[in-house]
Structures are given as C-alpha cells and as structure tokens.
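See below for the structure under consideration.
Residue numbers (this note's numbering): 118 to 258.
Here it is, written out as structure tokens:
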C-alpha cells in the first residue's frame with residue numbers, strides 16, 4: 118500500500134466504499150426480513166443473529182459481544198455465547214461456500230473478474246500514465 122499511487126488508492130477506496138455500505142445495509146435488511154419470517158422480533162434478530170455474523174465470527178465477534186451483553190443485561194456471558202454461536206457458524210459456512218462459488222464464476226466468466234486490477238481503465242487517462250511512469254523507491258525519511 119505504501120508503494121501505491123495516492124490518487125489510485127483514493128479512487129479505489131471510493132469505488133469500494135459505496136458498495137460496501139450498500140451491501141452491509143442490504144444484509145441487515147434481508148437478515149431482519151428472514152428473522153421476521155421465522156418469528157423472531159427485530160431486536161433479537163439484529164443483536165443475536167446479524168451482529169455476531171457481521172462482527173467477524175467467534176473470536177472477534179461473539180466473545181466480546183457476549184461480555185458486553187452480559188455486563189449490560191446482567192446475565193452470564195456463557196448464555197449469550199450459546200445463543201450466538203449457531204448463527205456465526207452457519208454464517209461462516211455460507212460465506213465460505215459463497216466465496217467458492219463466486220471464485221468459480223469468476224474463473225469461468227473472465228468479464229466478471231478484475232484479474233488483480235484495482236481500477237479498470239482504457240489506458241488513456243492521466244492516472245494510468247502517472248502510475249506507469251512512477252518507479253522510484255519509497256522515502257521514509
């Protein structure tokens with residue numbers, strides 16, 4: 118990242134930020150809808166199913182969340198861990214399978230894959246010419 122052109126880094130971030138926010142909001146809304154279909158209320162679905170999945174799994178999501186929930190609600194952390202682990206495990210399995218399917222789709226249809234290119238361009242803009250001409254070492258001093 119330190120060797121990348123700053124303009125390209127900012128342009129890549131702005132192109133990824135909006136889809137990231139839209140995807141997260143969509144995941145929350147779909148999760149609440151599915152929870153509603155299964156008979157859960159919105160708060161239970163959000164705090165016991167969606168947040169642990171989005172929070173990063175067991176080590177980064179469930180354990181700190183269970184400690185926070187136990188200190189706020191006054192129950193033991195173990196009771197919250199037992200409620201949140203199934204959602205996180207199923208969420209992780211779905212994420213791994215989905216990533217594999219998307220990889221396979223990208224291998225079969227090359228138009229869907231960027232092939233390691235951060236910013237697609239036709240090669241006629243100033244940003245591409247600027248990055249190709251920059252071959253100097255990074256100065257940390």
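All C-beta atoms, glycine included, are put in the ideal place defined by N, C-alpha and C.
Since the structure is predicted, the reported quantities are computational estimates derived from the model, not experimental observations.
The shortest C-alpha to C-alpha distance from residue 161 to any of 172, 149, 170 and 123 is the one to 149.
Taking a C-beta distance under 8 Å as the contact criterion, residue 218 and residue 229 do not qualify as a contact pair. Judged by DSSP in its simplified three-state form, residue 232 adopts coil rather than helix or strand.
Going by C-alpha positions, residue 231 is about 17 Å away from residue 137.
When C-beta atoms of the region 172-186 are compared with those of the region 202-209, three or more pairs fall below 8 Å, so the two segments count as touching.
The criterion of a C-beta distance shorter than 8 Å is not satisfied by residue 210 and residue 198. Distance from the CA atom of residue 224 to the CA atom of residue 176, rounded to whole angstroms, is 32 Å.
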